[in-house]
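Working notes for the structure below.
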Amino acid sequence: MKTRANGINIEVEDTGPGGPGEHRPVVLLIMGLGMQLIAWPPQLVQALVGAGYRVVRHDNRDVGLSQHLDALGTPNLIWEGIKYKLGLTPRAPYSLRDMAADSLGVLDALNIDKAHVVGVSMGGMIAQHLALMAPPRVRSLTSIMSSSGARGLPRARRRVTRTLLGRPANHSMQAVGDHYVKLFKVIGSPGFPTPESEMRERIHHGLQRSFHPVGTLRQMLAIVADVDRAAELEKITVPTLVLHGKADPLVPYVHGEDTARRIAGAKLVGIEGMGHDLPPGVVERLLPPLLAHLEAA
451 MKTRANGINI EVEDTGPGGP GEHRPVVLLI MGLGMQLIAW PPQLVQALVG
501 AGYRVVRHDN RDVGLSQHLD ALGTPNLIWE GIKYKLGLTP RAPYSLRDMA
551 ADSLGVLDAL NIDKAHVVGV SMGGMIAQHL ALMAPPRVRS LTSIMSSSGA
601 RGLPRARRRV TRTLLGRPAN HSMQAVGDHY VKLFKVIGSP GFPTPESEMR
651 ERIHHGLQRS FHPVGTLRQM LAIVADVDRA AELEKITVPT LVLHGKADPL
701 VPYVHGEDTA RRIAGAKLVG IEGMGHDLPP GVVERLLPPL LAHLEAA
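Residue numbers (the working numbering): 451 to 747.
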């Protein structure tokens, strides 16, 4: 369903509050760079619902069925990346804080007072901003395969960066699908490989729903321009869990360690064999610490 949040149209999936008189605690799931709400594994969503939670997912601005902000233009990632390397602050059409305000707007639109906030990759960064900007609205924070954004942390492996910044051979569905298969194989979990047939099916489903690569570029620039968050993480006071793959080639494990170190009382759980994706084997290992964290909070 479409809802109006922070002045823009946001696509939302909501499992609902339950029957009359039932008030289930809410888990807000925030997805990562360029990914749609359907990228959340059904296995994880169903486990949360089965544990008694109302689950709310949304497409971030500029991707999926949420509003595309093409009037903001196409960013020059190369030039802005050079500025970042020189110690300057890149200029982005919008910020991760703006995207956190979108997520807060979703809660407002659904009349949800408080939620457990769970973010993956870029979604973890947005979740951190949400915990900073509106702590009374956040029951707990879970940051999965994400980062503090601190300068000096190890970068992605060179092969991963080349693949991430690469382009499909042409604009056909087959070529775009091939490009994403290559990317997900490079960043995927070596301990829990996804069969290519399953990967292609999920990619094809996502491409049929929406394909908006320029929106992903604007989101990417928002990440690059988010240079002050690391110093602010010490202000987070909500119960925090950091989950990170020890074999993550895109956002190395030390990013998770740094995030947990900066947030007082944060618990870090590292998962052997997990890369930068959420295959069934990884979800099985994420769920016990995640559910325990939500229950404790």
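Note that the Cβ used here is the ideal one computed from N, Cα and C, for glycine as well.
Fair warning: this is a prediction, and the values are worked out from it, not measured in the lab.
Specify, as a first and last residue, the run of the beta strand (DSSP E) that Val476 falls within. Counting from 1 along the sequence shown, the entry for residue 476 is found at position 26. Segment 476-480, the beta strand (DSSP E) holding Val476.
Residues near Lys756 by beta carbon distance below 6 Å, same chain, minus five either side: This structure leaves residue 756 out entirely; the chain is present only between 451 and 747.
Could you tell me which residues DSSP puts in a beta bridge with Leu737? In the sequence shown, counting from the first residue as 1, residue 737 sits at position 287. DSSP output for Leu737 lists no bridge partner at all.
Straight-line Cα distance separating Tyr544 from His415: There is no way to answer for residue 415, as the model of the chain reaches only from 451 to 747.
Considering Cα atoms alone, identify which of Glu722, Met670, Pro730, Pro738 is closest to Pro540. For the purposes of this step, residue 540 is identified with residue 90 of the sequence shown, where counting begins at 1. Minimum Cα distance to Pro540 is reached at Met670.
Along the chain, where does the beta strand (DSSP E) containing Ser593 start, and where does it finish? Looking up residue 593 in the sequence shown gives position 143. Residues 588-594.
Kindly indicate which three-state DSSP category Asp678 falls into: helix, strand or coil? Start at 1 with the first residue of the sequence shown, and residue 678 comes out as number 228. Of the three classes helix, strand and coil, the one that applies to Asp678 here is coil, per DSSP.
What are the boundary residues of the beta strand (DSSP E) that Lys452 is part of? As a position in the sequence shown, residue 452 is number 2, starting the count at 1. For Lys452, the enclosing beta strand (DSSP E) starts and ends at 452-455.
Considering only their Cβ atoms, is the gap separating Leu691 from Lys717 smaller than 9 Å? For the purposes of this step, residue 717 is taken as residue 267 along the sequence shown, with counting starting at 1. For the purposes of this step, residue 691 is taken as residue 241 along the sequence shown, with counting starting at 1. In contact: Lys717 and Leu691 (Cβ atoms closer than 9 Å).
For Leu603, which residues in the same chain have their Cβ closer than 7 Å to its Cβ, ignoring the five residues on either side in sequence? Locating residue 603 in the sequence shown gives position 153, counting from the first residue. Ser597, Val704, His705, Asp708, listed in sequence order.
Quick one, are the C-beta atoms of Leu614 and Pro525 less than 9 Å apart? Taking the first residue of the sequence shown as position 1, residue 614 is located at position 164. Taking the first residue of the sequence shown as position 1, residue 525 is located at position 75. Not in contact: Leu614 and Pro525 (Cβ atoms no closer than 9 Å).
Of the listed residues Arg474, Leu700, Ile460, Asp464, nearest to Ile594 (C-alpha basis): Numbered from 1 along the sequence shown, position 144 holds the residue referred to as residue 594. Nearest option by C-alpha distance: Leu700.
Ala680 and Arg605: beta carbons closer than 9 Å? Taking the sequence shown and counting its residues from 1, the one referred to as residue 680 is at position 230. Taking the sequence shown and counting its residues from 1, the one referred to as residue 605 is at position 155. The answer is no: Cβ separation not under 9 Å.
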